[in-house]
Amino acid sequence: MNRTEKILWGIALVGFLAGIAGLIQRFTGGHTVAAYGTYVPWGLWVAVYTTLVGISIGSFLIAALGEGARIRALQPLTRIALLTAFAALAGGLLAIWLDLGHPLRFWKLFLSTNPTSIMGWMAWFYTAYGILLLVLIYLQWARPTSPLLRLLFGLGLALAVIFGGAEGALFGVVSAQALWESALVPIRFLIEGAASGMALVLFLAILLGYLEPESGRFLRWTLLGLLLTVAVLEWSEYSTTIYAGIPTKVESLRVVLFGPFWWVFWIFQIGLGLVAPIILLAFLGERKVWLGTAGGLIAFTSLSAKLNLVIPALVVPELEGLRMAFTGPGLSFDYFPTLSEWLLAVWVVSVAALIFLAAYRLLPAEQARHA
Amino acid sequence: MAQETQTRIRALATRRAFLTRFASGIFASLIVPAVASGVLDQVEAAPQEGAGPAPMPELPEGMNGQHPIERMLQDLQRALQKPVDQRRWAMVIDLRKCVGCYACTVACIAENKLPPGIAYRPVITETRGTYPNVSRRFIPRPCMQCENPPCVPVCPVRATWKRPDGIVVINYDQCIGCRYCITACPYAARSFDSGYFYSDFEGGLPQPYESLPSPEYGENRVRRKDTSPVGNVRKCHFCLHRIERGQLPACVLSCMGRATYFGDLNDPQSLVSELASRPNAFRLKEELGTEPKVFYLV
Ligand code: SF4
Ligand code: SF4
Numbered sequence: 001m002n003r004t005e006k007i008l009w010g011i012a013l014v015g016f017l018a019g020i021a022g023l024i025q026r027f028t029g030g031h032t033v034a035a036y037g038t039y040v041p042w043g044l045w046v047a048v049y050t051t052l053v054g055i056s057i058g059s060f061l062i063a064a065l066g067e068g069a070r071i072r073a074l075q076p077l078t079r080i081a082l083l084t085a086f087a088a089l090a091g092g093l094l095a096i097w098l099d100l101g102h103p104l105r106f107w108k109l110f111l112s113t114n115p116t117s118i119m120g121w122m123a124w125f126y127t128a129y130g131i132l133l134l135v136l137i138y139l140q141w142a143r144p145t146s147p148l149l150r151l152l153f154g155l156g157l158a159l160a161v162i163f164g165g166a167e168g169a170l171f172g173v174v175s176a177q178a179l180w181e182s183a184l185v186p187i188r189f190l191i192e193g194a195a196s197g198m199a200l201v202l203f204l205a206i207l208l209g210y211l212e213p214e215s216g217r218f219l220r221w222t223l224l225g226l227l228l229t230v231a232v233l234e235w236s237e238y239s240t241t242i243y244a245g246i247p248t249k250v251e252s253l254r255v256v257l258f259g260p261f262w263w264v265f266w267i268f269q270i271g272l273g274l275v276a277p278i279i280l281l282a283f284l285g286e287r288k289v290w291l292g293t294a295g296g297l298i299a300f301t302s303l304s305a306k307l308n309l310v311i312p313a314l315v316v317p318e319l320e321g322l323r324m325a326f327t328g329p330g331l332s333f334d335y336f337p338t339l340s341e342w343l344l345a346v347w348v349v350s351v352a353a354l355i356f357l358a359a360y361r362l363l364p365a366e367q368a369r370h371a
Numbered sequence: 001m002a003q004e005t006q007t008r009i010r011a012l013a014t015r016r017a018f019l020t021r022f023a024s025g026i027f028a029s030l031i032v033p034a035v036a037s038g039v040l041d042q043v044e045a046a047p048q049e050g051a052g053p054a055p056m057p058e059l060p061e062g063m064n065g066q067h068p069i070e071r072m073l074q075d076l077q078r079a080l081q082k083p084v085d086q087r088r089w090a091m092v093i094d095l096r097k098c099v100g101c102y103a104c105t106v107a108c109i110a111e112n113k114l115p116p117g118i119a120y121r122p123v124i125t126e127t128r129g130t131y132p133n134v135s136r137r138f139i140p141r142p143c144m145q146c147e148n149p150p151c152v153p154v155c156p157v158r159a160t161w162k163r164p165d166g167i168v169v170i171n172y173d174q175c176i177g178c179r180y181c182i183t184a185c186p187y188a189a190r191s192f193d194s195g196y197f198y199s200d201f202e203g204g205l206p207q208p209y210e211s212l213p214s215p216e217y218g219e220n221r222v223r224r225k226d227t228s229p230v231g232n233v234r235k236c237h238f239c240l241h242r243i244e245r246g247q248l249p250a251c252v253l254s255c256m257g258r259a260t261y262f263g264d265l266n267d268p269q270s271l272v273s274e275l276a277s278r279p280n281a282f283r284l285k286e287e288l289g290t291e292p293k294v295f296y297l298v
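Sequences listed follow chains A and B, in order. Take 1 as the starting number for the first sequence in UniProt numbering and just add one per residue. Take 1 as the starting number for the second sequence in UniProt numbering and just add one per residue.
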């Protein structure tokens, strides 16, 4: 184990241990330990879940494009991308499982699936995707020459695109939440997910010391393209919203841009998550330090975009006057995660990191390039 | 626990019999929510299987004739004679008569044994004008029992659905508590039961009134920290358990301004049909196409 790996283990273990306090509170206090409730029913854990699932899809795209679409520059990253995709998926599902009011009833998602519910479909998508990842990991390490691999990667590529969009559709179809209801939301989820997952793989590959120049070059331009697309999508969404002036939607957007957490948008989502990496990727060449910094910035700020979608939509009352109509726990349109929520989120991310590190230890990620 | 519930129900049945001897059924229902100190007296056990609708209560003399309560009770009886899929339960709320007293909010909480932070029928206050030239109006907001309920198709496990009579219900044992339906309701009419008890704020163990069985859906569930409906989403169901035994919803009976009316929209003779078809009736967020079955008169 080299020094970098040791540091990563250390950080993940500290996060895991600190986060256990949040886990214990979640199990002893149920949902009373969280700040979400009736008026803001989804909070930090849902944002963490969507972020990790997006990262998983983005990482998987590297492997699927490399092996399924035979993009040679990406092939050296197949293994690390698969491990990242699996660990992030596990973390995302853990976050949403702990968010359920009755986690032990999760099996009902399979036995009583409602075909009209996107969430119902997602349960099956996740299962198919999770199984596919496990099969691919097995084949990649145990039978790397199997002809099945390319077929499954090709299938996975299609699945990842549908699934990445469906994740956004979960929000996009909710007409009651003006900020969510948009045909752009599924596309944004897909593009943002692709960017964050690819960025994380780039960051890890540089950190763990085996990024090949060709992969770096390919990812540099791909990420730049994705980030510019994100910028265009966000601009079209926000500018048309402001111009159209639909009150609840504008109000949610006002919360994003100028609300009490304006800095999450301007500093994290735009400054560090979009502008800084665009500058680094576009102007500072292919030196690993700049590529790695850009990758890290995109991956680690990706939570901000999800927070800015999930929460501002919910903090605007469906009916004006509800804010004061009745008071009590859970009846607030202000939301800021409690310490328990933060700790549990840290725990979930640390679990994902530990899964990745353990898999990375057990399964050598170095890989021969295809002829 | 089941035994305890049965004992309570038997005790309550005896108490009810006692009450009806001295007051008419309707009068008893009227005073029930008001007797805040004798909380036990408020409990109405859900109908036992096979129990039909209650007979028409005898009304005090002044209420005979075409008193709205009597008329609504007759409408209710007529509707209950029909097959369930031919009923269309609806509510009409006359905003000119609502005085913002919150009696309906409290009656609903008492009826359904709701915990802190859950109110199926809050009353929204709207203030217009600039101080001191202001006017106010009060808008009670029950579940709209939408004809096209956006909360239903999103549920991943089919835990919530629209009954043949139009009431949107939740199966607490099926609900996984994902809260997707809350986000989908344009009226914020769904609540998440996070698991709070009044005693959490007052200290000590849950108070006796917190352990009373709730008659919701005729299930007589006793609320405990680790089991449904804690962890579930909950909502107004037009007091389905009362309707089915021929009683009006608690909010309708407790309304001191006589602003809330209830009945069968599929019956042209019913009071709600008559009121809902008036030109001064409107529904909230009608443009969404949810077709609410709660009408407001202005
Ligand atoms: S008001 Fe909300 S909870 Fe009630 S039926 Fe309509 S969408 Fe569902
Ligand atoms: S909270 Fe319950 S009723 Fe609502 S969508 Fe989820 S499972 Fe269905």
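Quick reminder that beta carbons are idealized off the backbone N, C-alpha and C, glycines included. All values reported here derive from a predicted model rather than from experimental measurement.
Let me see if you follow: with CB-CB separation under 8 Å, is alanine 36/B close to chain A or not? Against the second sequence, residue 36/B aligns to sequence position 36. Since pLDDT at alanine 36/B reaches only 35, below the 50 mark, its modelled position is unreliable, and the value read off the structure follows with that caveat. With 8 Å as the cut-off, alanine 36/B does not count as an interface residue toward chain A.
Quick one: what's got a C-beta closer than 7 Å to serine 211/B's C-beta in the same chain, skipping five residues either side? Stepping through the second sequence from its first residue, residue 211/B is reached at position 211. Cβ neighbours of serine 211/B beyond the five flanking positions: Val222.
Taking 7 Å as the cut-off, is the C-beta of proline 229/B nearer than that to any heavy atom in ligand 1? Here residue 229/B corresponds to residue number 229 of the second sequence, with the count starting at 1. The answer is no for proline 229/B.
Within the structure, which residues are defined as neighbours of ligand 1 by a Cβ-heavy atom distance below 6 Å, reported in chain order? Cys143/B, Met144/B, Gln145/B, Cys146/B, Pro149/B, Pro150/B, Cys151/B, Val168/B, Cys185/B, Tyr187/B, Ala189/B, Arg190/B, Lys235/B, Thr290/B
Tell me whether asparagine 232/B, by its Cβ, gets closer than 7 Å to a heavy atom of ligand 2. Locating residue 232/B in the second sequence gives position 232, where the first residue counts as 1. Because some heavy atom of ligand 2 lies under 7 Å away, the Cβ of asparagine 232/B counts as near it: yes.
Members of the stretch 126 to 142 of chain B near chain A, C-beta cut-off 8 Å: Glu126, Ile139, Arg141
Are threonine 38/A and glycine 330/A touching if we call contact CB-CB under 8 Å? Here residue 38/A is taken as the residue at index 38 of the first sequence, counted from 1. Here residue 330/A is taken as the residue at index 330 of the first sequence, counted from 1. Cβ distance < 8 Å, so threonine 38/A and glycine 330/A count as in contact.
The alpha helix (DSSP H) enclosing threonine 130/B, as first and last residue numbers: Reading the second sequence from its first residue, position 130 is the one you call residue 130/B. It is not in any alpha helix (DSSP H) - threonine 130/B instead sits in the beta strand (DSSP E) that spans 123 to 130.
Are the stretch 99 to 117 of chain B and the stretch 294 to 311 of chain A touching, with three or more C-beta to C-beta distances below 8 Å? no
In terms of alpha-carbon separation, which member of Trp347/A, Ala358/A, Ala365/A, Tyr360/A lies closest to phenylalanine 16/A? Your numbering for residue 16/A matches position 16 in the first sequence. Nearest C-alpha to phenylalanine 16/A: Trp347/A.
Please state the DSSP three-state secondary structure of tyrosine 261/B. In the second sequence, counting from the first residue as 1, residue 261/B sits at position 261. Three-state result, tyrosine 261/B: strand.
State the start and end residues of the unbroken beta strand (DSSP E) segment that holds serine 191/B. Residue numbering aside, residue 191/B sits at position 191 when the second sequence is read from its first letter. Unbroken beta strand (DSSP E) run through serine 191/B: 190 to 192.
Proximity test, threonine 160/B beta-carbon vs ligand 2 heavy atom, cut-off 7 Å: Against the second sequence, residue 160/B aligns to sequence position 160. Yes; taking the cut-off as 7 Å, the Cβ of threonine 160/B has a heavy atom of ligand 2 nearer than that.
Would a check of beta-carbon distances place alanine 110/B closer than 8 Å to chain A? As a working note, residue 110/B is residue 110 in the second sequence. False, the Cβ-Cβ gap to chain A never drops below 8 Å.
Anything in chain B within Cβ reach of glutamine 177/A, meaning under 7 Å, just list it in chain order. Numbered from 1 along the first sequence, position 177 holds the residue referred to as residue 177/A. Within chain B, the residues near glutamine 177/A are Thr183.
Who are threonine 160/B's beta bridge partners in DSSP? Here residue 160/B corresponds to residue number 160 of the second sequence, with the count starting at 1. For threonine 160/B, which the question treats as bridged, DSSP gives the partners Ile170/B.
Can you give the Cα-Cα distance for proline 337/A and valine 233/B, rounded to whole angstroms? Indexing the first sequence from 1 puts residue 337/A at position 337. Indexing the second sequence from 1 puts residue 233/B at position 233. Their backbone Cα atoms lie some 21 Å apart in a straight line.
Spatial neighbours of arginine 224/B within its chain, please: CB distance less than 6 Å, with the 5 preceding and 5 following residues excluded, ordered by chain position. In the second sequence, residue 224/B corresponds to position 224, counting from 1. So no residue of the chain qualifies.
Taking Cβ positions, are tyrosine 120/B and cysteine 143/B nearer each other than 8 Å? Locating residue 120/B in the second sequence gives position 120, counting from the first residue. Locating residue 143/B in the second sequence gives position 143, counting from the first residue. Cβ atoms of tyrosine 120/B and cysteine 143/B: closer than 8 Å.
Taking 8 Å as the CB-CB cut-off, is glutamine 174/B touching chain A? As a working mapping, residue 174/B is identified with position 174 in the second sequence. Yes, glutamine 174/B lies at the interface with chain A (some Cβ there is under 8 Å from its Cβ).
Per the DSSP calculation, methionine 91/B is bridged to which residue(s)? Numbered from its first residue, the second sequence carries residue 91/B at position 91. Paired residues: Phe262/B, Val294/B.
Bridge partner(s) assigned by DSSP for valine 134/B: Reading the second sequence from its first residue, position 134 is the one you call residue 134/B. Beta-bridge pairing links valine 134/B to Gly129/B.
For leucine 65/A and serine 56/A, what's the separation of their Cα atoms in angstroms? Start at 1 with the first residue of the first sequence, and residue 65/A comes out as number 65. Start at 1 with the first residue of the first sequence, and residue 56/A comes out as number 56. When rounded, the distance between both Cα atoms is 14 Å.
Chain-ordered chain A contacts of phenylalanine 282/B [CB-CB under 9 Å]: Mapped onto the second sequence, residue 282/B falls at position 282. What phenylalanine 282/B touches in chain A: nothing, since even the nearest Cβ is about 14 Å away.
Would you say proline 279/B faces chain A, with C-beta separation under 8 Å as the test? Taking the first residue of the second sequence as position 1, residue 279/B is located at position 279. Judged by the 8 Å Cβ criterion, proline 279/B is not in contact with chain A.
I'd like the span of the beta strand (DSSP E) that includes valine 233/B, first residue to last. Reading the second sequence from its first residue, position 233 is the one you call residue 233/B. Per DSSP, valine 233/B belongs to the beta strand (DSSP E) from 233 to 235.
Are there 16 or more other CB atoms within 10 angstroms of the CB of asparagine 133/B, so buried, or fewer, so exposed? Looking up residue 133/B in the second sequence gives position 133. That one is exposed.
For arginine 248/B, count the other beta carbons within 10 Å of its own beta carbon; 16 or more makes it buried, fewer makes it exposed. Which is it? In the second sequence, residue 248/B corresponds to position 248, counting from 1. For clarity, residue 248/B is leucine in the given sequence; the question names arginine instead. It is buried - the Cβ of leucine 248/B has at least 16 other Cβ atoms within 10 Å.
Sorry if obvious, but does the Cβ on arginine 136/B come closer than 7 Å to a heavy atom of ligand 2? Position 136 of the second sequence, counting from 1, holds the residue named residue 136/B. Outside the cutoff, so no.
Spell out a yes or no on whether the stretch 221 to 229 of chain A and the stretch 267 to 284 of chain A are touching, meaning 3 or more CB-CB pairs, one atom from each, closer than 8 Å. yes
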